[in-house]
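Step one of this worksheet: look at the structure below.
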Amino acid sequence: MATAYDRPPHTTRTRDNPDGAAAPHPDHAPGSLGELVGEIAQDLSALVREEITLAKAELKEEAGKAGKAGGLLAGAGYAAHLLVLFGSLTVMFALGEAVDLVWAALIVAALWGAAAAVLYARGRTRLRDVNLKPEHTVQTLKEDAAWARHPTS
1 MATAYDRPPH TTRTRDNPDG AAAPHPDHAP GSLGELVGEI AQDLSALVRE EITLAKAELK
61 EEAGKAGKAG GLLAGAGYAA HLLVLFGSLT VMFALGEAVD LVWAALIVAA LWGAAAAVLY
121 ARGRTRLRDV NLKPEHTVQT LKEDAAWARH PTS
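Residue numbers for the sequence shown, in full-length UniProt numbering: 1 to 153.
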């Protein structure tokens, strides 16, 4: 699946250029310093917009990962709640009378304990994989800074 940061850097989508392909620069030299500054300002503005779009796409992707990990941790919390509930029922029935009922309640509580442990472990593992730093944006910003220092190389 293509994302916003799969586009090559330094392209601008316009009405005349909807796919964002790099437009060739005119072959004529700028007529004045004002025109040159205007072109630089336009290029810089387009670059900033592209970097913002890239950062948004990366953060949206990482937020989705965090949401899924949070869902697993919520499931672990619910399973732990049921563990407490069935553990309490076990104590209640143990004090009541029937030994067979006590063992049944202990088995159910043990199953919920296992479910809670599995959900917690998976959620914690997935949460460790979440990276909220927009790596692609940082990399392209470094490339842009290097280019700005040496625009002719």
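Even for Gly, the Cβ is constructed at its ideal location relative to N, Cα and C.
Legend entry - Status (buried if at least 16 other CB within 10 Å, exposed otherwise) for Trp-112: The residue is buried, with at least 16 neighbouring Cβ atoms inside 10 Å.
Legend entry - Alpha-carbon to alpha-carbon, Leu-83 and Ala-110: Near 8 Å, if we compare the C-alpha coordinates of Leu-83 and Ala-110.
Inset, instruction - Put residue 176 into one of helix, strand or coil per three-state DSSP. - result: Only positions 1 to 153 of the chain appear in this structure, which leaves residue 176 out of reach.
Legend entry - Rounded straight-line distance, which links the Cα of Val-118 to that of Ala-4: With a pLDDT of 49 at Ala-4, under the threshold of 50, the modelled position of this residue cannot be trusted, and the question is left open.
Inset, instruction - Whole angstroms is fine: what's the gap from Ile-40's alpha carbon to Glu-51's? - result: 16 Å
Inset, instruction - Can you give me the Cβ contacts of Leu-73 inside the same chain, cut-off strictly under 8 Å, excluding the 5 residues immediately before and after it? - result: Beyond the five residues adjoining it in sequence on each side, Leu-73 comes within less than 8 Å, by CB distance, of Leu-119, Tyr-120, Gly-123, Arg-124 and Leu-127 in the same chain, given in chain order.
Inset, instruction - Starting from the C-beta of Met-1, find all residues in its chain whose C-beta is less than 7 Å away, skip the five residues before and the five after it, and write them out in chain order. - result: Note that Met-1 scores 48 on pLDDT, short of 50, meaning its location in the model is unreliable and no value can be drawn from it.
Inset, instruction - Determine the direct distance from the alpha carbon of Leu-47 to that of Arg-149, and round the result to whole angstroms. - result: 15 Å
Legend entry - Nearest-angstrom Cα separation, counted from Gly-75 out to Lys-133: Cα-Cα distance, rounded: 27 Å.
Legend entry - His-150 - DSSP class collapsed to helix/strand/coil: coil
Inset, instruction - For Ser-88, name the three-state secondary structure that DSSP assigns. - result: helix
Inset, instruction - On a CA-only basis, which of Ala-115, Gly-87 and Ala-116 is nearest Trp-103? Give me that one, please. - result: Of the candidates Ala-115, Gly-87 and Ala-116, Gly-87 places its Cα closest to the Cα of Trp-103.
Legend entry - 4 or more residues per run - each alpha helix (DSSP H) lying fully within the region 45–75: List check, alpha helix (DSSP H) in window: nothing returned.
Legend entry - Nonlocal neighbours in the same chain, by C-beta distance under 6 Å from Thr-90, ignoring five residues either side: The answer, listed in chain order, is Ala-105, Leu-106 and Ala-109.
Inset, instruction - Excluding the 5 residues preceding and the 5 following Val-130 in the sequence, name in chain order all residues of the same chain whose CB lies nearer than 7 Å to its CB. - result: Glu-62, Lys-65, Ala-66 and Ala-69
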